[in-house]
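Q: Have a look at this one before I ask anything.
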Amino acid sequence: MAKAATKSVRKPAAKAAPKAAAKTTARVTAKAAPKATAKTAPKATAKTAPKAKAKPARKPGIKLSMLRPSVNNMTVRVFARAAGLDPAETDAWGHTRSPEFLARNPAHLTPMIEDKGLPRGVLWESCAIMQYLANKHGLDKFYPKAPAKRAMIDSAMFYLVGTLYPYVARATYPALGFPQYAGEVGHSDAHPDKKSEAQKAAMAAIAEPLEVFHSFFRDGKPFIGGNNPSIADIRLAATLEFLAVIDYALPGWAKEYMAALEKKLGKAYSEPAGDVRGYIAHVRSQARA
């Protein structure tokens, strides 16, 4: 009986000890944990806060070979800046026929971008470049994804390249000192009077497609793209810059349109436009001298 009593007394004591220890440990842990958390949390926050405020990663830059006096080149220069693509520009003046350039670009045309993702590593033609970059970087603001809206942007650009720009080139290239296209009067040995007639005819033809942009593509909106400029608007405004060299009388809406686009895009437009305008001013001063 004594042994049994001893066992019964010892067993509860043995069981009680772990419980007491567990409770004590829990109490110590519970009390210590908040203190540790309270002390370490501010330090961790203080150290990580600056990292959270780090500047957002910039879109990868592009390599752009360009000619400063050209409105075709100005188009991509404006777009790349407006889109925040931070282009690394190389002035290709005098180098487009070099073996190195021709090896990459047998068409010897500018603007030209270089991108590893392209099948041949390079891409030229201003409209194609803007379309590619807008697609690659998801720049719907400049080139909407909705099929109908995108079709109107494409149509405006193709109409410009196929109809308006040839008239602008024939009217302005003689004054700018740019080479004329083969097979045209301006490039031939025709009498200067014939060349002058052809130039005047081109100047007169500009009015019709220009009105199409106003009445059809803009249709009462600030821009072809609606309330915000699209890649078609950038292409159109840049093209119209050349008309200053022949003192072309732009209609009032066109002047307001160009001013509104430049105001909307700011330095992204005005800096590349400054190179074109500077060249035009130089050409006109030479003509007056």
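Heads up: the sequence shown begins at 13 in my numbering, then just goes up one per residue. Just so you know, even glycine gets a beta-carbon here, dropped at the ideal spot from N, CA and C. Fair warning: this is a prediction, and the values are worked out from it, not measured in the lab.
Taking the alpha-carbon of G286 as reference, which of K75, N85, L76 has the nearest alpha-carbon?
A: Minimum Cα distance to G286 is reached at N85.
Q: Which residues in the same chain as A299 place their Cβ atom closer than 7 Å to its Cβ, once the five residues preceding and following it in sequence are excluded?
A: No residues qualify anywhere along the chain.
Q: Specify, as a first and last residue, the run of the beta strand (DSSP E) that A100 falls within.
A: Unbroken beta strand (DSSP E) run through A100: 100-103.
Q: If you compare alpha carbons, which of R182, D152, G278, F154 is closest to L255?
A: Nearest option by C-alpha distance: R182.
Q: Check I218 in the structure and name its three-state DSSP category.
A: Looking at I218 - three-state DSSP - the assignment turns out to be coil, as it is neither helix nor strand.
Q: From which residue to which residue does the beta strand (DSSP E) around V134 run?
A: Segment 134-136, the beta strand (DSSP E) holding V134.
Q: Is the beta carbon of R247 sitting closer than 8 Å to the one on T87?
A: Their beta carbons are under 8 Å apart, which means R247 touches T87 by this criterion.
Q: How many Å lie between E274 and R93 at the Cα?
A: Using only the alpha carbons, I get a separation of about 13 Å.
Q: Could you tell me the distance, in whole angstroms, from the CA atom of L130 to the CA atom of A160?
A: Their Cα atoms are separated by approximately 27 Å.
Q: Using a Cβ-Cβ cut-off of 8 Å (strictly less than) and excluding sequence neighbours within five positions of I165, which residues of its own chain qualify?
A: Counting only Cβ-Cβ distances below 8 Å, and skipping sequence neighbours, we find Y155, P156, I236, G237, S242, I243, A244.
Q: Just grab the DSSP bridge partners of G238 for me.
A: Beta-bridge pairing links G238 to F235.
Q: Whose C-alpha, out of N117, K153, N147, I74, is nearest the C-alpha of N239?
A: Minimum Cα distance to N239 is reached at K153.
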